[in-house]
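Here's the structure, in structure tokens; my notes come after.
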Ligand code: FES
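Residue numbers (this note's numbering): 3 to 234.
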């Protein structure tokens, strides 16, 4: 699978300073981590030593340390410290592949096809007033996108405009949401949803329920399609 342009990976809110998490795009694994100064990083999720996922590791200041043998990597992906050989000057070749990262509209984005300096311009999105939630669905991304515009829940009828193939504007119950589409794998997808207006808890609840129902609805359609395929 070739990568093209920028992919939404997580709500900015969900990656706090000093934490890391794993994600996938088209089945490839990446670690997202945030250093103690707030900088976000997106790298290959694989330690160069013996392949442990770096997303299982620990962020300490501006380094991430692998869980297995504790090798430490700085924000450039360069290994700086090997606990078993504390006096070693670590060879420059021990480095984790890292990718362009941007934060726009309350979402962390990664670009996997280009070198840092050659990445296309990051998505231009207004500053989100509130992060609603991310949903993760066992269905292909195009099906999830299709269902966004078709699902009425308790009188909430979405009106969807496509900004590009990974960004939808959804007007719902008097609110404007931006839903960013992550193709996790062939049959898995995610939507990272933010609101353009401030929302209190009472306003947030029906929108969060709509998002949850959207996940169930899309997964149900995917299951039915799979059954039809088997029966055909
Ligand atoms: S596998 Fe990461 S330090 Fe050994």
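A virtual CB, placed ideally from N, CA and C, is assigned to each residue, including glycine.
**OP:** Could you tell me the distance, in whole angstroms, from the CA atom of residue 181 to the CA atom of residue 153?
**Re:** Just so you know, the alpha carbons of residue 181 and residue 153 end up roughly 14 Å apart.
Original post:
Should residue 128 be labelled buried (16 or more other beta-carbon atoms within 10 Å of its own) or exposed?
Top reply: The residue in question, residue 128, is exposed, as its Cβ has fewer than 16 Cβ neighbours within 10 Å.
Subject >> Collapsed DSSP secondary structure at residue 147 in the structure displayed >> reply: In the displayed model, residue 147 falls within a helix according to three-state DSSP.
Subject >> Residues bridged to residue 10 [DSSP beta-bridge criterion] >> reply: BP columns for residue 10 point to 111.
**OP:** Classify residue 5 as helix, strand or coil using the three-state DSSP reduction.
**Re:** It is coil, neither helix nor strand.
**OP:** May I have a chain-ordered list of the beta strand (DSSP E) segments no shorter than 3 residues that lie completely inside the segment 34–61?
**Re:** Fully enclosed beta strand (DSSP E) runs of 3 or longer: 42–46.
Original post:
What residues match up with residue 83 in a beta bridge as DSSP calls it?
Top reply: Answer by DSSP bridge pairing, in chain order: 74.
**OP:** Starting from the C-beta of residue 86, find all residues in its chain whose C-beta is less than 7 Å away, skip the five residues before and the five after it, and write them out in chain order.
**Re:** If we look at residue 86 and ignore the five residues flanking it on each side, its Cβ neighbours are 71.
**OP:** Could you spell out the range, first to last residue, of the beta strand (DSSP E) harbouring residue 218?
**Re:** Under the DSSP assignment, residue 218 falls outside any beta strand (DSSP E), being part of the alpha helix (DSSP H) whose first and last residues are 203–233.
Subject >> Residues near residue 187 by beta carbon distance below 8 Å, same chain, minus five either side >> reply: Cβ-Cβ distances below 8 Å link residue 187 to 26, 28 and 29 in the same chain, with the five nearest sequence neighbours on each side left out; the list follows chain order.
**OP:** Please classify residue 232: is it buried, with 16 or more other beta-carbons within 10 angstroms of its beta-carbon, or exposed?
**Re:** The residue is exposed, with fewer than 16 neighbouring Cβ atoms inside 10 Å.
**OP:** Between the Cα of residue 148 and those of 219, 40 and 41, spot the shortest distance and give me the residue it belongs to.
**Re:** Ranking the options by Cα distance to residue 148, first place goes to 219.
**OP:** Leaving aside the five residues before and after residue 84 along the sequence, list all residues of the same chain whose C-beta is less than 7 Å from its C-beta, in chain order.
**Re:** In its chain, beyond the 5 residues on either side, 73, 90 and 92 have a beta carbon closer than 7 Å to the beta carbon of residue 84.
**OP:** Starting from the N-terminal end, write out each residue whose C-beta falls within a distance shorter than 5 Å of any non-hydrogen atom of the ligand FES.
**Re:** Neighbourhood of the ligand FES, defined by CB distance below 5 Å to any of its heavy atoms: 49, 51, 52, 54, 68, 70, 71 and 73, in chain order.
**OP:** Taking 8 Å as the cut-off, decide whether the C-beta atoms of residue 97 and residue 79 are in contact.
**Re:** Contact: yes.
Original post:
Between 172, 189, 114 and 81, which lies nearest to residue 138 when the distance is taken from Cα to Cα?
Top reply: Of the candidates 172, 189, 114 and 81, the one whose C-alpha sits nearest the C-alpha of residue 138 is 189.
Original post:
In the DSSP assignment, what residue or residues form a beta bridge with residue 185?
Top reply: In the DSSP assignment, the residues bridged to residue 185 are 191.
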